[in-house]
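Step one of this worksheet: look at the structure below.
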Amino acid sequence: MVMLPASNPEKRIGNLMINPGGPIDLIISMKEFLKSTKLHEYFDILGPGPRGTAHSTPVQCEPAPWNLRPPQMPQTEAEFQEMTDVYHARAQSCVKEKGNDIVYYVDTMSVTKDLEEIRMALGNETMNYIGFSTQSSFSDNIRAIALDGIMEHSKGPESNGYEVTLNKFFEWCEQNNTCALQDEKHLPTKFDAFIDAANTSSIPAPSCADETFAAYPCLQNATGHEILRNMQSFISFPYPGSYGLGGWPALSEYLKDAMNGKSSYLSTTEYTSKTGYDISYSSIFCQDTIRSNWGATDYQLKATVGNVATPHTRGIGEVWYLQTICASWPTPVRNPQRLYVESFKGRNMTTPILMTNALYDPETPIQWALSVLKQFGENARLVIRDGPGHTSYYHEGETHDAIDDYLIQVKVPGTGTMLKD
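So that you can map any letter, position 366 of the sequence shown is 365 in numbering that gives the first Met the number 0, and since no number is skipped, the others follow by simple counting.
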């Protein structure tokens, strides 16, 4: 757990729980950023590593199946069977790992209970909480809760949000000289052709074999579908510095390199150990998700719809991947999808929950936020940031300040407030 005592004890309001969301463990890398925030002055900031992730007790799996590369969008019965076999092998590699019982108990509701136990152990103060890209239920012992990047537990793929944000990236590229592809005419069309070509013949990733990439091992080539999935993470953070990334200027360099035959920065991570992002993410998501029972024909239909509805991203996205791997996941579903309205029925919170979401979010699209707002009723207020990217607190601006004002002063904005940054 990361703990940062309030920098001004005389102004201390209480404890503030931070959940980095994902569901991944970024709390250690967030520490320096949190030190620089206004929140650090008023709160003892607590960042427990979510169960199943790297800085807690990580889920462990045999790495070999996680380096296999099944079809992302199976078009035939044979491709469907290959994909199913690989995902089954990945799942089995986790439950067969000795001493890995944590894999059965990493659902989001269990993490919520962990936070409540921590709250009570630290003096039973009312809860202050900020969560990124995740939703949870809590007890009635609440002072203020801010949710940034709204995950709709009962909804399906986020591919439309990814498509809309990629279009914003293309617009940005045309208008900004920090884009390495600004001089490319008809970039969206060239991008589509590049993805098609990469699906036919994978793009080399030569730097993945260099010592410079030793800390971030990656596969030595990438298909078009793999590039699409990996781009989603980079496109989620447009502004340089967010989560230590280079923002869209860096993404444009990576994409330019890939379009010129060098896909190293957009290649998939190679697993060399028993822990990692996909392992934790899959383990958690699959306990929060009712399993699909799709066959080869279902996948063919979904791929066709994805190509029509989201022609640049082809329906590819994190939720698509997770839904497919979860179909083979062997642990029980502990926190199945359901409408949040069930948790808030007849409830009247003293301080409404503050929800914030970017208008162009590739991971938690604005439609999810609107759906959750309707379910929360009078127990929540939604602030929309008129810009691209996933979450808003790490982008300095009006939305960041609104979250600070809410948590520190319990200043509740009106629903539908639109902020420019």
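From the three backbone atoms N, C-alpha and C, an ideal C-beta is built for every residue, glycine too.
Just so it is clear, the structure is predicted and the values come from calculations on it, not from any experiment.
Determine the DSSP secondary structure at residue i, reduced to helix, strand or coil.
| i | result |
| --- | --- |
| residue 254 | helix |
| residue 5 | coil |
| residue 102 | helix |
| residue 127 | strand |
| residue 14 | strand |
| residue 384 | strand |
| residue 236 | coil |
| residue 43 | strand |
| residue 207 | helix |
| residue 73 | coil |
| residue 22 | Since pLDDT at residue 22 reaches only 46, below the 50 mark, its modelled position is unreliable, and the value read off the structure follows with that caveat. Coil at residue 22, not helix or strand. |
| residue 401 | helix |
| residue 230 | helix |
| residue 51 | strand |
| residue 315 | coil |
| residue 217 | strand |
| residue 359 | strand |
Check the C-beta distance from residue i over to residue j and give it rounded, since I have them as a contact under 8 Å.
| i | j | result |
| --- | --- | --- |
| residue 310 | residue 161 | At roughly 12 Å, the Cβ-Cβ gap does not stay under 8 Å, so residue 310 and residue 161 are not in contact. |
| residue 42 | residue 127 | 6 Å |
| residue 50 | residue 109 | 6 Å |
| residue 203 | residue 130 | That belief does not hold up - the Cβ atoms of residue 203 and residue 130 are roughly 40 Å apart, past 8 Å. |
| residue 74 | residue 308 | About 17 Å; that fails the 8 Å criterion. |
| residue 391 | residue 195 | Between residue 195 and residue 391 the Cβ distance is about 34 Å, and since that is not below 8 Å, they are no contact. |
| residue 387 | residue 177 | Wrong, their Cβ atoms sit about 15 Å apart, outside the cutoff. |
| residue 251 | residue 180 | 5 Å |
Quick check on the burial criterion: 16 or more other C-beta atoms within 10 angstroms. Buried or exposed for residue i?
| i | result |
| --- | --- |
| residue 4 | exposed |
| residue 272 | exposed |
| residue 55 | buried |
| residue 337 | exposed |
| residue 185 | exposed |
| residue 379 | buried |
| residue 22 | With a pLDDT of 46 at residue 22, under the threshold of 50, the predicted position of this residue should be treated as unreliable, though the coordinate-derived value follows. Classification of residue 22: buried, given that the 10 Å Cβ count is 16 or more. |
| residue 8 | exposed |
| residue 182 | exposed |
| residue 95 | exposed |
| residue 24 | Because the pLDDT of residue 24 is 48, which lies under 50, any placement of that residue in the model is unreliable, and the number read from its coordinates should be weighed accordingly. Classification of residue 24: buried, given that the 10 Å Cβ count is 16 or more. |
| residue 281 | buried |
| residue 346 | exposed |
| residue 385 | exposed |
| residue 402 | buried |
Could you name the residues of the same chain whose beta carbon sits closer than 6 Å to that of residue i, not counting the 5 residues immediately before and after it, in chain order?
| i | result |
| --- | --- |
| residue 287 | 106, 107 and 334 |
| residue 313 | 305 and 306 |
| residue 239 | 245 and 246 |
| residue 87 | 327 |
| residue 207 | 217, 219, 263 and 266 |
| residue 275 | none |
| residue 321 | 284 |
| residue 416 | 382 |
Give every residue of the same chain whose Cβ lies closer than 8 Å to the Cβ of residue i, excluding the five residues on either side of it in the sequence, and list them in chain order.
| i | result |
| --- | --- |
| residue 229 | 221, 265, 266 and 267 |
| residue 66 | 218, 269 and 270 |
| residue 244 | 233 and 236 |
| residue 290 | 325, 326, 328 and 332 |
Looking at residue j and residue i, is the spacing between their C-beta atoms short of 8 Å?
| i | j | result |
| --- | --- | --- |
| residue 323 | residue 82 | yes |
| residue 419 | residue 397 | yes |
| residue 16 | residue 48 | no |
| residue 407 | residue 34 | no |
| residue 465 | residue 409 | This structure cannot speak to residue 465, because the chain is shown only from 0 to 420. |
| residue 285 | residue 211 | no |
| residue 76 | residue 70 | no |
| residue 258 | residue 168 | no |
| residue 226 | residue 249 | no |
Could you name the residues of the same chain whose beta carbon sits closer than 7 Å to that of residue i, not counting the 5 residues immediately before and after it, in chain order?
| i | result |
| --- | --- |
| residue 364 | 157, 159 and 160 |
| residue 433 | No answer is possible for residue 433: it lies beyond the span of the chain, which begins at 0 and ends at 420. |
| residue 101 | 50, 51, 56 and 58 |
| residue 92 | 60, 61 and 64 |
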